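Taking it in order: structure first as C-alpha cells, then the write-up.
There are 2 protein chains.
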Amino acid sequence: MDRLSQVFVALADPIRRDLVARLAEGDASVGELAAPYDVTVQAISKHLKVLEQAGLVSRSGGRRSPVHLEPEALGLMTDWLERYRRRAEERYRRLDAVLAAMSDEPAGEPEESDDPSGG
Amino acid sequence: MDRLSQVFVALADPIRRDLVARLAEGDASVGELAAPYDVTVQAISKHLKVLEQAGLVSRSGGRRSPVHLEPEALGLMTDWLERYRRRAEERYRRLDAVLAAMSDEPAGEPEESDDPSGG
Numbered sequence: 017m018d019r020l021s022q023v024f025v026a027l028a029d030p031i032r033r034d035l036v037a038r039l040a041e042g043d044a045s046v047g048e049l050a051a052p053y054d055v056t057v058q059a060i061s062k063h064l065k066v067l068e069q070a071g072l073v074s075r076s077g078g079r080r081s082p083v084h085l086e087p088e089a090l091g092l093m094t095d096w097l098e099r100y101r102r103r104a105e106e107r108y109r110r111l112d113a114v115l116a117a118m119s120d121e122p123a124g125e126p127e128e129s130d131d132p133s134g135g
Numbered sequence: 017m018d019r020l021s022q023v024f025v026a027l028a029d030p031i032r033r034d035l036v037a038r039l040a041e042g043d044a045s046v047g048e049l050a051a052p053y054d055v056t057v058q059a060i061s062k063h064l065k066v067l068e069q070a071g072l073v074s075r076s077g078g079r080r081s082p083v084h085l086e087p088e089a090l091g092l093m094t095d096w097l098e099r100y101r102r103r104a105e106e107r108y109r110r111l112d113a114v115l116a117a118m119s120d121e122p123a124g125e126p127e128e129s130d131d132p133s134g135g
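Keeping their order, the protein sequence lines are chains A and B.
Take 17 as the starting number for the first sequence in the working numbering and just add one per residue.
Take 17 as the starting number for the second sequence in the working numbering and just add one per residue.
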C-alpha cells in the first residue's frame with residue numbers, strides 16, 4: 017500500500033484517532049494508552065502497530081518504551097487535502113464572480129461595446 | 017460508521033484520491049472520470065458512491081448529472097489533523113527550548129554564579 021493510503025487507513029478508526037489525540041498531549045506507554053478503553057492491551061498494541069506502520073507514531077526503544085507521535089505524518093495528509101480544497105474553492109469563487117457579473121450585465125450587452133468595429 | 021471515519025476510508029484509496037484531485041479542477045461526468053483508467057465505468061461508479069456517502073462529492077440531479085466536489089468535507093479532515101499536529105509540534109518546540117536552556121546552563125552552575133556566597 018502507498019504511504020498516503022496507509023495514513024488515511026490508519027486514521028479511519030475512532031480508537032486510533034483517539035490514540036493520536038492523546039499522544040499529541042505527550043508520549044505514553046502502551047499500558048497507559050490502553051487504560052481508558054474497555055479492550056485488551058493486545059487490541060491497543062494492534063492499533064498502535066497500524067499507526068506505527070503508517071509512520072504516525074514511533075518508539076525510541078523496544079516494546080516497553082513510550083509511544084511518540086510523529087506530527088510530520090499528519091502534515092503529509094494536510095498538504096494533500098489543502099491542495100485540492102484550495103483549488104476547488106478558488107474555482108467556485110471565480111464561478112461565483114462570473115455569475116454575479118452575468119446578473120449585473122444582461123447577455124449580449126457587454127460594458128465595453130461602444131466600438132462596433134470589434135464585433 | 018462515524019462521518020470522520022467515512023472520509024478517511026474514502027481517501028484511503030489511490031483511485032478515489034485521484035478522482036478527488038481531478039474533480040478539484042472541474043465537475044465531470046462518470047464517463048469522463050472513468051476514461052483515463054483501465055477499469056470499468058461500474059468500478060468508477062462504485063468508487064464515486066463511497067466518496068458520495070462520505071459527503072466528499074455530490075450530484076445535483078440523477079445518475080447522469082455531473083459529479084461535484086464538496087471541499088468542506090476535505091476541510092473537516094484538515095481541521096482534525098491540524099489540531100493535533102499543532103498541539104504536538106508546540107509541545108516538541110517547548111521541549112527543545114527546555115533542552116537548549118539546560119545545555120546552556122550546566123546543572124548546579126547557573127549563569128549568575130559570580131557571587132560565591134550563593135554556592
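For every residue, glycine included, the Cβ atom is placed at its ideal position computed from N, Cα and C.
Only a predicted model underlies this, so the values are computations on that prediction, with no experimental measurement involved.
Taking a 10 Å sphere around the C-beta of residue 28 of chain A, we find 16 or more other C-beta atoms and assign the residue as buried.
Under the 8 Å criterion on CB atoms, residue 115 of chain B is classed as non-interfacial with respect to chain A.
As the crow flies, the alpha-carbon of residue 46 of chain B is around 15 Å from that of residue 37 of chain B.
Put simply, the CB of residue 91 of chain A is near chain B, with a gap under 8 Å to one of its CB atoms. Nearest CB-CB separation between residue 27 of chain A and chain B: below the 8 Å threshold. Between the stretch 75-88 of chain B and the stretch 102-117 of chain A there are three or more inter-stretch CB-CB distances shorter than 8 Å, so the stretches are counted as touching.
Secondary structure at residue 83 of chain B: strand, using DSSP grouped into helix, strand and coil. Closer than 9 Å at the C-beta level to chain B, one finds these residues of the stretch 96-111 of chain A: 96, 97, 98, 99, 100, 101, 102, 103, 104, 105, 107, 108.
Residue 103 of chain A is positioned such that its CB atom lies no closer than 8 Å to that of residue 104 of chain B. With the rule of 3 Cβ pairs closer than 8 Å, the stretch 19-33 of chain A counts as touching the stretch 61-77 of chain A. If you check each beta-carbon in the stretch 60-80 of chain A against every beta-carbon of chain B, none falls closer than 9 Å. Contact of residue 94 of chain A with chain B by beta-carbon distance below 9 Å involves 93, 94, 97, 98, 101. For the stretch 39-61 of chain B, the set of positions with a beta-carbon nearer than 8 Å to some beta-carbon of chain A reads 39, 40, 41, 42 in chain order. Note on the stretch 57-111 of chain B: whole beta strand (DSSP E) runs with a minimum of 3 residues are 73-75, 83-85, in chain order. The alpha-carbon of residue 18 of chain B is positioned some 14 Å away from that of residue 25 of chain A. Against chain B, the CB of residue 18 of chain A has a partner CB under 8 Å away; the residue lies at that interface. At a cut-off of 8 Å between C-beta atoms, residue 82 of chain B does not count as an interface residue with respect to chain A.
For residue 21 of chain A, the uninterrupted alpha helix (DSSP H) run begins and ends at 19-26, by DSSP. Chain A places a beta carbon closer than 8 Å to that of residue 85 of chain B, counting this residue as a contact.
Chain order gives the chain A residues near residue 21 of chain B as 27, 28, 29, 30, 33, where near means a beta carbon separation below 9 Å. Judged by DSSP secondary structure, residue 37 of chain B falls within the alpha helix (DSSP H) whose first and last residues are 30-39. In this model, residue 58 of chain B and residue 112 of chain A are separated by some 33 Å (Cα to Cα). Per DSSP, residue 51 of chain A lies in no alpha helix (DSSP H) segment and is marked neither H nor E.
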